[in-house]
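**Student:** First, the structure itself, so that you have it in front of you.
Numbering (my numbering), first residue to last: 44 to 237.
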């Protein structure tokens with residue numbers, strides 16, 4: 044997590060931004076929203092409670108504004124927070140139920156994903172209507188193939204690669220919510236078996 048760095052300028056204390064700030068026409072994440080979320084995440088993590096999960100961090104979103112935080116830097120920090128929370132959840136589960144139960148649960152989740160991805164290409168997810176935009180089918184199928192090869196064959200794939208997956212839009216494309224849910228489930232499996 045990022046600590047605030049203090050500096051003295053013109054006799055008054057000011058906090059340096061936690062991340063680089065965008066300039067010009069480039070938009071970034073709303074600084075106060077990010078700072079508030081990360082402060083709450085730090086508090087939850089240090090309290091060792093269950094108030095915040097890795098999934099909560101994964102779905103966090105912030106408004107895009109001028110002079111905001113650089114998106115890639117914040118996303119990388121959020122990825123580290125998510126990893127830490129997932130590691131803590133894994134450690135707790137292993138302590139309470141044993142490593143075998145944790146591995147079995149991850150294996151079951153992986154099998155559900157593989158069963159879903161066994162569907163034929165271009166038919167792996169529900170589609171939007173012909174006048175409605177969804178994720179580009181060929182791009183999603185490409186990423187789906189990588190996930191299947193990771194789960195089935197052990198081909199290298201990281202949670203960060205899935206977190207940063209972005210798809211162009213097309214009319215009649217795959218429904219975003221279904222694709223996003225599968226990507227989230229795949230990230231959970233990757234984090235579970237690290």
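The beta carbon of each residue, even a glycine, is placed where N, CA and C say it ideally should be. Computed from a predicted structure; not experimentally measured.
Measure the C-alpha to C-alpha separation of residue 71 and residue 209 and round it to an integer number of angstroms.
**Tutor:** Going by the C-alpha atoms only, they are around 17 Å apart.
**Student:** Please give the ranges of any beta strand (DSSP E) in the segment 127-204, keeping only runs that are unbroken, at least 3 residues long and fully inside the region.
**Tutor:** Listed in chain order, the complete beta strand (DSSP E) runs (minimum 3 residues) inside the segment 127-204 are 176-178.
**Student:** Would you check if the distance between the CB atom of residue 217 and the CB atom of residue 175 is smaller than 9 Å?
**Tutor:** Not in contact: residue 217 and residue 175 (Cβ atoms no closer than 9 Å).
**Student:** Since residue 71 sits in a beta bridge, which residues does DSSP pair it with?
**Tutor:** According to DSSP, residue 71 bridges with 108.
**Student:** Using a 10 Å radius around the Cβ and a threshold of 16 neighbouring Cβ atoms, would you call residue 75 buried or exposed?
**Tutor:** Exposed: under 16 other Cβ atoms inside 10 Å.
**Student:** Would you kindly work out how many angstroms separate the C-alpha atoms of residue 239 and residue 111, rounded to a whole number?
**Tutor:** Examination of residue 239 is not possible in this model, given that the chain is present from 44 through 237 alone.
**Student:** Just tell me which of 188, 93 and 63 has its CA closest to the CA of residue 128.
**Tutor:** Of the listed residues, the one whose Cα sits closest to residue 128 is 93.
**Student:** Compute the Euclidean distance between the alpha carbons of residue 198 and residue 101, then round it to the nearest angstrom.
**Tutor:** Their backbone Cα atoms lie some 23 Å apart in a straight line.
**Student:** Helix, strand or coil: how does DSSP classify residue 64 here?
**Tutor:** Three-state result, residue 64: strand.
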